[in-house]
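Have a look at the structure below before the remarks.
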Amino acid sequence: MPTIVFVDAAGTRHEVVVKIGENLMTVGREHGLDIEGACEGVAACSTCHLVVDDDWFARLPPADEDEQDMLDLAMGLTRTSRLGCQIEVSEEMDGLVVRLPREIRNMMFD
Ligand code: FES
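0 is the number of the first residue of the sequence shown in numbering that gives the first Met the number 0; add one for each residue after it.
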């Protein structure tokens with residue numbers, strides 16, 4: 000089973016072994032990471048926003064139109080932003096690194 004690396008807003012790495020077919024929003028939440036996932040994975044909220052490591056971004060299946068529309072509303076959007084709920088883990092994703100975006104409230108205390 001592939002290992003996915005989540006880097007939280009504080010910069011701490013969390014290596015998580017993931018079953019094929021699970022999505023990154025669900026997996027992250029199950030492991031206590033601060034991913035809201037308000038719409039429960041139907042690409043209707045953008046609160047599962049993750050920033051994919053540069054080296055990995057082009058290797059993932061591309062975002063569809065619904066995901067792109069929702070991403071436009073995400074706070075702290077970057078060139079390699081994706082919705083975690085729309086990324087289903089495959090064997091080829093072993094070692095994938097994704098970052099949780101910093102939240103506004105965290106930035107206020109930096
Ligand atoms: S959980 Fe709502 S868009 Fe991913």
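Here a beta-carbon is modelled for each residue, glycine too, at the ideal position from N, C-alpha and C.
If you measure from the CB of E39, is any heavy atom of the ligand FES nearer than 7 Å?
Checking every heavy atom of the ligand FES against the Cβ of E39, one is found closer than 7 Å.
Express the C-alpha separation of L72 and E90 in angstroms, rounding to a whole number.
Taking the straight line from one Cα to the other gives about 30 Å.
Between the alpha carbons of I19 and E29, how many angstroms are there, rounded?
In a straight line, the C-alpha of I19 is about 15 Å away from that of E29.
Pair within 8 Å by beta-carbon distance, G36 and C47:
The Cβ atoms of G36 and C47 lie closer than 8 Å to each other.
Using only the alpha-carbon positions, how far apart do W55 and T79 sit?
So the alpha carbons of these two residues sit roughly 9 Å apart.
Output needed for M69: all residues of its chain with C-beta closer than 8 Å, excluding positions within five of it in sequence on either side, in chain order.
Excluding positions up to five away in sequence, the list reads A42, A43, C44, S45 and L82.
Helix, strand or coil at L49 according to DSSP, with G and I counted as helix
Three-state result, L49: strand.
By how many angstroms is the C-alpha of T25 removed from the C-alpha of L99?
C-alpha separation (whole angstroms): 14 Å.
If I'm right that G94 touches T2 with Cβ under 8 Å, what's the distance once you round it to whole angstroms?
Going by Cβ atoms, the distance from G94 to T2 rounds to 6 Å, so yes, they are a contact pair.
Continuous alpha helix (DSSP H) assignments of at least 4 residues falling wholly in the stretch 39-89
DSSP runs (the alpha helix (DSSP H)) wholly in the stretch 39-89: 53-56 and 64-70.
Among M0, E14, C84 and V96, whose alpha-carbon lies nearest the alpha-carbon of D65?
When each option's Cα is compared against that of D65, the closest is C84.
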